[in-house]
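Worksheet: the structure to be examined is printed underneath.
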Amino acid sequence: MKSGYAIRTKNLTKKFGDITALDGLTLDVEPGVTFGLLGPNGAGKTTTVRVLNCIIKPTSGDAHVDGISIKDAEKVKAITGFLPEQPGVFGKLTPIEFLEFIGSLYNVSKTILKDRIEDLIEMFDLEERRNDLLETYSRGMKQKILLASALMNDPTTLFLDEPTSNLDPEASKMVKDLIKELSKKVEKTVFICSHMLPLVEEICDRIGIIVKGSLLFEGTIPEILAETGSQTLEEAYLKLAGEKATEKELLAWR
């Protein structure tokens, strides 16, 4: 499957026993776009990014990241950065030590490593805390260093799975503002999975709505409003997903 897109999937399906987590997902994301995959918990968002990052294999279908097939896991992982929903840090390390460790996993050369770490420390405004152990960081500050670590290999495409999950409102706003600034500065493709409407609405250029493994819509917010005759993104989502999502799933959207 030849691809000029940052991300391209074709009939991507993933089954876990009798459960179909992804049901023929076909999606194109252009380079440099901040894309939001939106849907309730259990919709297939995390499965999508795990497949695209070669953490799990699809049952059928195909996908490319920057023209590289997910069948070539080593090459895909070399050009992607991934922040999972529940990442962890080594509390006994400083941010410098943690980033050095992540850099070593990506085989970043020593000649590049030091400068890249300094650039990330400056970009994420961590200078004053650079010598503090990560165990002393707040949850929001830890999310900062984890975002920085996802950029250690200078990826062309950055995947963020529920980046504001389990954060208090203040930390959530900090991370949201950081992602907005990041998407402008680094000129990379950013793929965000979330069930949080405000995050996706404020940050993303284009969105996809997924429910029970099926992609119901892909496009801009004005396009989905026009297509559904809605005044708000929430209204549009409820119109599209209402027939497929349960009441509990719809409430999880809010």
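Using this note's numbering, the first residue of the sequence shown is number -4, and each one after it goes up by one.
Yeah, the Cβ is synthetic: ideal placement off N, Cα and C, and Gly gets one too.
Note that the structure is a prediction, hence the values are computed from the model and not measured.
Inter-residue spacing [alpha-carbon to alpha-carbon] between residue i and residue j
i, j, result
"F11", "T184", "29 Å"
"Y101", "A73", "7 Å"
"V84", "D13", "35 Å"
"P193", "E80", "17 Å"
"K175", "P164", "16 Å"
"P217", "E123", "42 Å"
"K171", "N161", "13 Å"
"M(-4)", "F30", "Legend: pLDDT at M(-4) = 42, less than 50; position of this residue unreliable, value from coordinates given subsequently. Taking the straight line from one Cα to the other gives about 21 Å."
"I91", "L20", "39 Å"
"F77", "L141", "9 Å"
"M136", "K109", "21 Å"
"T54", "Y232", "28 Å"
"K234", "M169", "31 Å"
"I51", "D156", "15 Å"
"Q138", "A236", "31 Å"
"L22", "D127", "42 Å"
"S104", "F96", "12 Å"
"R190", "F212", "For the sequence presented, residue 190 should be read as His rather than Arg. Each residue's Cα considered, the two are about 15 Å apart."
"K5", "D57", "5 Å"
"E222", "T215", "11 Å"
"R3", "D149", "21 Å"
"N36", "V46", "17 Å"
"N48", "E197", "25 Å"
Cβ neighbours of residue i in the same chain (closer than 7 Å, five flanking residues each side left out)
i, result
"T227", "none"
"L115", "L94, A143 and L146"
"G86", "L128, L129 and E130"
Residue i in three-state terms, based on DSSP
i, result
"F93", "helix"
"L274", "Summary: the structure shown does not reach residue 274, with the chain confined to residues -4 through 249, and so no result is reported for it."
"S55", "strand"
"E213", "strand"
"K66", "coil"
"D110", "helix"
"D207", "Correcting the residue identity first, residue 207 is Lys in this sequence and not Asp. Coil."
"H156", "A quick correction: the sequence has Asp, not His, at residue 156. Strand at D156."
"S225", "coil"
"L78", "strand"
"T151", "coil"
"I50", "coil"
"V195", "helix"
"S104", "coil"
"V185", "strand"
"G39", "coil"
Residue i CB to nearest heavy atom of the ligand PLP below 6 Å
i, result
"V46", "Of ligands this structure carries none, so the ligand PLP is not represented either."
Contacts around residue i, its chain only, beta-carbon distance under 6 Å, and the 5 residues preceding and following it disregarded
i, result
"T15", "G208"
"T42", "K9, A16 and L17"
"L121", "P90"
"P26", "A1 and T184"
Beta-bridge pairing of residue i - partner residues as DSSP gives them
i, result
"I2", "V24 and V60"
"L141", "In DSSP, L141 forms no bridge with anything."
"K10", "T15"
"R201", "F30"
Own chain, CB closer than 8 Å to residue i, minus 5 neighbours either side, in chain order
i, result
"P82", "L141"
"F119", "K139, I140, L142, A143 and L173"
Check whether the segment 185 to 204 and the segment 30 to 43 touch, using three or more Cβ-Cβ pairs below 8 Å as the test. yes
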